[in-house]
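Asks: Provided herewith is a single structure, encoded as structure tokens, for subsequent inquiry.
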Amino acid sequence: MIKKLLIANRGEIVTRVMRACRDLGIKTVVVYSDADKNMFYLKQADEAYNIGPANPVKSYLNIGSIINAVKESGADAVHPGYGFLSENASFAEAVYGCGATWVGPPTSVLNSIDSKCFCRSIATEAGVPVVPGTINTIEGVDDIYRFTAEHGYPIVLKLDKGGGGKGIELVKEEGQVKEAFERISRIGMLAFGHPECYIEKEIINPRHIEIQFLADGLGGCVCLGERECSIQRRYQKIIEESPSPVVTGEERKKLFEYTRKLALAMGYQGAGTMEYLRSEDGNFYFMEVNARLQVEHPVTEFLTGIDIVQRQLTIASGQGLEIGQEDVEMKGHAIEARVYAEDPVTFCPSPGTIKKLDFPEMDEGALRIDHALEEGGTVPPYYDPLLAKVIAWGPTRLKAIDQLKRGLTDFKIEGIKTTIPVNLLILGSERFAKGDLNTGFIEALFTKARGDVKPLWPNM
Numbered sequence: 001m002i003k004k005l006l007i008a009n010r011g012e013i014v015t016r017v018m019r020a021c022r023d024l025g026i027k028t029v030v031v032y033s034d035a036d037k038n039m040f041y042l043k044q045a046d047e048a049y050n051i052g053p054a055n056p057v058k059s060y061l062n063i064g065s066i067i068n069a070v071k072e073s074g075a076d077a078v079h080p081g082y083g084f085l086s087e088n089a090s091f092a093e094a095v096y097g098c099g100a101t102w103v104g105p106p107t108s109v110l111n112s113i114d115s116k117c118f119c120r121s122i123a124t125e126a127g128v129p130v131v132p133g134t135i136n137t138i139e140g141v142d143d144i145y146r147f148t149a150e151h152g153y154p155i156v157l158k159l160d161k162g163g164g165g166k167g168i169e170l171v172k173e174e175g176q177v178k179e180a181f182e183r184i185s186r187i188g189m190l191a192f193g194h195p196e197c198y199i200e201k202e203i204i205n206p207r208h209i210e211i212q213f214l215a216d217g218l219g220g221c222v223c224l225g226e227r228e229c230s231i232q233r234r235y236q237k238i239i240e241e242s243p244s245p246v247v248t249g250e251e252r253k254k255l256f257e258y259t260r261k262l263a264l265a266m267g268y269q270g271a272g273t274m275e276y277l278r279s280e281d282g283n284f285y286f287m288e289v290n291a292r293l294q295v296e297h298p299v300t301e302f303l304t305g306i307d308i309v310q311r312q313l314t315i316a317s318g319q320g321l322e323i324g325q326e327d328v329e330m331k332g333h334a335i336e337a338r339v340y341a342e343d344p345v346t347f348c349p350s351p352g353t354i355k356k357l358d359f360p361e362m363d364e365g366a367l368r369i370d371h372a373l374e375e376g377g378t379v380p381p382y383y384d385p386l387l388a389k390v391i392a393w394g395p396t397r398l399k400a401i402d403q404l405k406r407g408l409t410d411f412k413i414e415g416i417k418t419t420i421p422v423n424l425l426i427l428g429s430e431r432f433a434k435g436d437l438n439t440g441f442i443e444a445l446f447t448k449a450r451g452d453v454k455p456l457w458p459n460m
């Protein structure tokens, strides 16, 4: 079993992983940039190491600095969290290279699924439907014209090695092709070092459904239910829930079968998520795999009672799953709202000092807040503005929504602006209460709420 774990991340996910480590008796090592030198969890960890300046390229994305901390601390394993280096095969190889264990899928998996086209080909071979489009990357605009001559518009250009909502261009007509191709190629080179892209036919008003799974690398793979992630803006999730208001038992069974096929074909080990689109006519299409812990994993934990982070750690230690699909039981309904340090009108970042902080009254098993906040603490401008996640459970969907509303209403943060009002606007809408969701929900809601004035959502 892992004895000392280094957590190569910052913010709320650090406190989440630390909690799992405490329950398993694992010592913790945290790293921090100059901007995070006063984070309260530095004192709660067994050891803390500075890894560089505020600029994430020189700290949280600096493989050399983090590996030095691994060596100096004697940590025998590394948990990458989400974002930053969490799906970086070079980082995983460096961890293995210094004799430590990587908490995540093997580098062979990370290297292969880095390419979305590779994942599409694996899915096709496994008999899992993918969004209609090209299997291979395209060479230029002529390939786009040839594709649209046969399939028509709208289409979506996607970076083969993109992620985090970046590198996705909707093309509605021929006049947009050249500019969209040039833009996505430029973003790909600047953000990921890879300009290659492929084509998908645009699925109109889809629902975004993902399946959480655990695979032990020994042939065992269980699915922990689906999450509805359709409430998003510019491909960034805002509210997630489980179960989906529309997925039937038969559809869930089919998605589980797809997910197990893909995970086993990839040689997956650890926690992961298979993402799908559900079209208006009820067809499901595989999109991609997230080879890391998801921000929204607490939704599934509330629903199943399974601690996903603990399972990551035991699997990385070489233990089997010790549970089968028949042991996974989903009870009630769980829903999560992400709270960002952003202006709720313009969605511009709102860094600063937290002058006052009040949490709602916690109800164990029904309300949970994952965060790394404290009164007097600073929210720096250098990183993703996610502040906290408020997660609620109820015996029914409507009761879970009411519980989440209470939690958000009583969650008071002063000194910076937050998106709590946005979350409450969404949760209070009649359409959301009915479960009438798709990925265009936010744009439609905000257009209705503010006339023609649409908020600016940052490309994070």
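In UniProt numbering, the protein residues as written are 1 to 460.
Every residue gets a Cβ at the ideal spot worked out from N, C-alpha and C, and that includes glycine.
1. Within a Cβ cutoff of 7 Å, which residues of the same chain sit near T419, ignoring the five residues on either side of it in sequence?
2. Does the beta-carbon distance from E296 to F286 come in below 9 Å?
3. Counting C-beta neighbours from all protein chains within 10 Å, is the total for V130 16 or more, i.e. buried, or is it exposed?
4. Distance, Cα to Cα, R397 vs V246?
5. Looking at the strands, I want to know which residues DSSP matches up with Q236.
6. Could you check whether the Cβ of A123 sits closer than 8 Å to any heavy atom belonging to the ligand GTP?
7. DSSP three-state label for M266, please.
8. Go through its chain and collect everything with a Cβ distance to E375's Cβ below 7 Å, but skip five positions before and after it.
9. Among S230, D410, F213, whose alpha-carbon lies nearest the alpha-carbon of P105?
10. On the DSSP letters alone, give me the boundaries of the alpha helix (DSSP H) that K178 sits inside.
11. Mind checking S108: buried by the 16 CB within 10 Å criterion, or exposed?
12. Measuring only the C-alpha atoms, how far is L456 from I2?
13. With a threshold of 8 Å, are at least 3 pairs of Cβ atoms found where one atom belongs to the region 61 to 68 and the other to the region 263 to 278?
14. When you compare the CB positions of D370 and T15, do they come within less than 9 Å of one another, or not?
15. Count the other CB atoms, across all protein chains shown, that sit within 10 Å of the CB of M266; report buried if there are 16 or more and exposed otherwise.
16. According to DSSP, is Q212 part of a helix, a strand, or is it coil?
17. So, helix, strand or coil for N88, using DSSP?
18. Using a Cβ-Cβ cut-off of 6 Å (strictly less than) and excluding sequence neighbours within five positions of P395, which residues of its own chain qualify?
19. The beta strand (DSSP E) with R338 in it runs from where to where?
20. Are Y153 and E174 touching if we call contact CB-CB under 9 Å?
21. Taking the continuous beta strand (DSSP E) assigned at D281, which residues delimit it?
22. Would DSSP call G274 helix, strand or coil?
23. Distance check for E228 and P381, CA to CA, integer angstroms please.
24. Candidates L5, D34, F284, R10: which alpha carbon is nearest residue 481's?
25. By the 10 Å Cβ neighbour count, where 16 or more other Cβ atoms means buried, how is E149 classified, buried or exposed?
26. Could you compute how far the alpha carbon of A77 sits from the alpha carbon of G99?
27. Tell me the DSSP secondary structure of T418 in three-state form.
28. Given a threshold of 16 other Cβ atoms within 10 Å of its Cβ, counted over all protein chains shown, does V17 qualify as buried or as exposed?
29. Give me the DSSP bridge partner(s) of Y82.
30. Look at the Cβ atom of H194, then the Cβ atom of K161, and state whether they are nearer than 9 Å.
31. Over what stretch of residues does the alpha helix (DSSP H) that includes V299 continue unbroken?
32. Return the CA-CA distance between A316 and H79, expressed in angstroms with no decimal places.
33. With DSSP as the reference, label H151 as helix, strand or coil.
34. Quick one: what's got a C-beta closer than 7 Å to I204's C-beta in the same chain, skipping five residues either side?
35. Would you check if the distance between the CB atom of T248 and the CB atom of C223 is smaller than 9 Å?
36. Kindly confirm or deny that the region 179 to 196 and the region 88 to 102 touch, where touching means at least three C-beta pairs closer than 8 Å.
Replies: Quick look at the numbers:
1. To locate residue 419, count along the sequence shown from 1; it is residue 419. Result list for T419: V339, Y340, E342, P344, in chain order.
2. By one-based count along the sequence shown, residue 296 stands at place 296. By one-based count along the sequence shown, residue 286 stands at place 286. It is not a contact, given that the beta carbons lie outside the stated cut-off.
3. Taking the first residue of the sequence shown as position 1, residue 130 is located at position 130. For V130, the number of other beta carbons within 10 angstroms of its own is at least 16, and it is reported as buried.
4. The residue you call residue 397 lines up with position 397 of the sequence shown. The residue you call residue 246 lines up with position 246 of the sequence shown. The C-alpha of V246 is placed about 12 Å away from the C-alpha of R397.
5. Here the question's residue 236 lines up with position 236 in the sequence shown. Note: Q236 sits in a beta bridge opposite R233.
6. By its list of ligands, the structure shown contains no ligand whatsoever, and the ligand GTP lies outside what it can speak to.
7. Sequence index remark: in the sequence shown, residue 266 carries index 266 (1-based). Residue state, collapsed to three classes: helix.
8. Numbered from 1 along the sequence shown, position 375 holds the residue referred to as residue 375. Excluding five sequence positions before and after E375, the CB atoms of its chain that fall closer than 7 Å to its own CB belong to I354, K356, L357, given in chain order.
9. What you label residue 105 is simply residue 105 of the sequence shown in a count that begins at 1. Comparing alpha-carbon positions, the option among S230, D410, F213 lying closest to P105 turns out to be F213.
10. One-based indexing of the sequence shown puts residue 178 at position 178. Taken as a continuous stretch (DSSP letters only), the alpha helix (DSSP H) holding K178 covers 177 to 187.
11. The residue labelled residue 108 in the question sits at position 108 within the sequence shown. Classification of S108: exposed, given that the 10 Å Cβ count is below 16.
12. Here residue 456 refers to the residue found at position 456 when the sequence shown is read from its first residue. Here residue 2 refers to the residue found at position 2 when the sequence shown is read from its first residue. Because the pLDDT at L456 is just 39, under 50, the model does not fix this residue reliably, and the value given afterwards should be weighed accordingly. If you take the alpha carbons of L456 and I2, they lie about 44 Å apart.
13. The answer is no - the region 263 to 278 does not touch the region 61 to 68, with fewer than three Cβ pairs under 8 Å.
14. Taking the first residue of the sequence shown as position 1, residue 370 is located at position 370. Taking the first residue of the sequence shown as position 1, residue 15 is located at position 15. Yes, the Cβ-Cβ distance between D370 and T15 is below 9 Å.
15. By 1-based counting over the sequence shown, the position of residue 266 is 266. Classification for M266: buried.
16. Counting from 1 along the sequence shown, the entry for residue 212 is found at position 212. If DSSP states are grouped into helix, strand and coil, Q212 belongs with the strands.
17. By one-based count along the sequence shown, residue 88 stands at place 88. DSSP, read as helix, strand or coil, puts N88 in coil.
18. As a position in the sequence shown, residue 395 is number 395, starting the count at 1. Listed in chain order, the non-local C-beta contacts of P395 below 6 Å within the same chain comprise G332, local neighbours out to five positions each way being set aside.
19. Against the sequence shown, residue 338 aligns to sequence position 338. For R338, the enclosing beta strand (DSSP E) stretches over residues 333 to 340.
20. What you label residue 153 is simply residue 153 of the sequence shown in a count that begins at 1. What you label residue 174 is simply residue 174 of the sequence shown in a count that begins at 1. A Cβ-Cβ contact shorter than 9 Å links Y153 with E174.
21. Reading the sequence shown from its first residue, position 281 is the one you call residue 281. Per DSSP, D281 lies in no beta strand (DSSP E) and is assigned neither H nor E.
22. Taking the sequence shown and counting its residues from 1, one reaches residue 274 at position 274. What sits at residue 274 in the sequence shown is Met, not Gly. In the structure shown, M274 sits in a strand (DSSP, three-state: E or B).
23. Here residue 381 corresponds to residue number 381 of the sequence shown, with the count starting at 1. Here residue 228 corresponds to residue number 228 of the sequence shown, with the count starting at 1. When the Cα atoms are used, P381 and E228 turn out to be separated by approximately 30 Å.
24. An answer regarding residue 481 cannot be provided, because it is not within the stretch 1 to 460 covered by the chain.
25. Residue mapping note: residue 149 aligns to position 149 of the sequence shown, counting from 1. According to the sequence displayed, residue 149 carries Ala and not Glu. Flag for A149 reads exposed.
26. If you number the sequence shown from 1, residue 77 lands on position 77. If you number the sequence shown from 1, residue 99 lands on position 99. Going from the Cα of A77 to the Cα of G99 covers about 9 Å.
27. Counting from 1 along the sequence shown, the entry for residue 418 is found at position 418. Correct three-state label for T418: coil.
28. To locate residue 17, count along the sequence shown from 1; it is residue 17. Around the Cβ of V17, a 10 Å sphere holds 16 or more other Cβ atoms; the residue is buried.
29. As a position in the sequence shown, residue 82 is number 82, starting the count at 1. DSSP, once it has assigned bridges, lists no residue as partnering Y82.
30. Translated into the one-based positions of the sequence shown, residue 194 becomes position 194. Translated into the one-based positions of the sequence shown, residue 161 becomes position 161. Result yes, Cβ atoms of H194 and K161 sit closer than 9 Å.
31. To locate residue 299, count along the sequence shown from 1; it is residue 299. Here the alpha helix (DSSP H) through V299 covers 297 to 304.
32. As a first step, residue 316 is located in the sequence shown; it is residue number 316 there, counting from the start. As a first step, residue 79 is located in the sequence shown; it is residue number 79 there, counting from the start. A316 and H79 have their C-alpha atoms some 10 Å from each other.
33. Locating residue 151 in the sequence shown gives position 151, where the first residue counts as 1. DSSP places H151 within a helical segment (H, G or I) once states are collapsed to three.
34. Position 204 of the sequence shown, counted from the start, is the residue given in the question as residue 204. Here the set comprises E280.
35. Start at 1 with the first residue of the sequence shown, and residue 248 comes out as number 248. Start at 1 with the first residue of the sequence shown, and residue 223 comes out as number 223. In this structure, C223 does not lie closer than 9 Å to T248 by Cβ.
36. No contact exists between the region 179 to 196 and the region 88 to 102.
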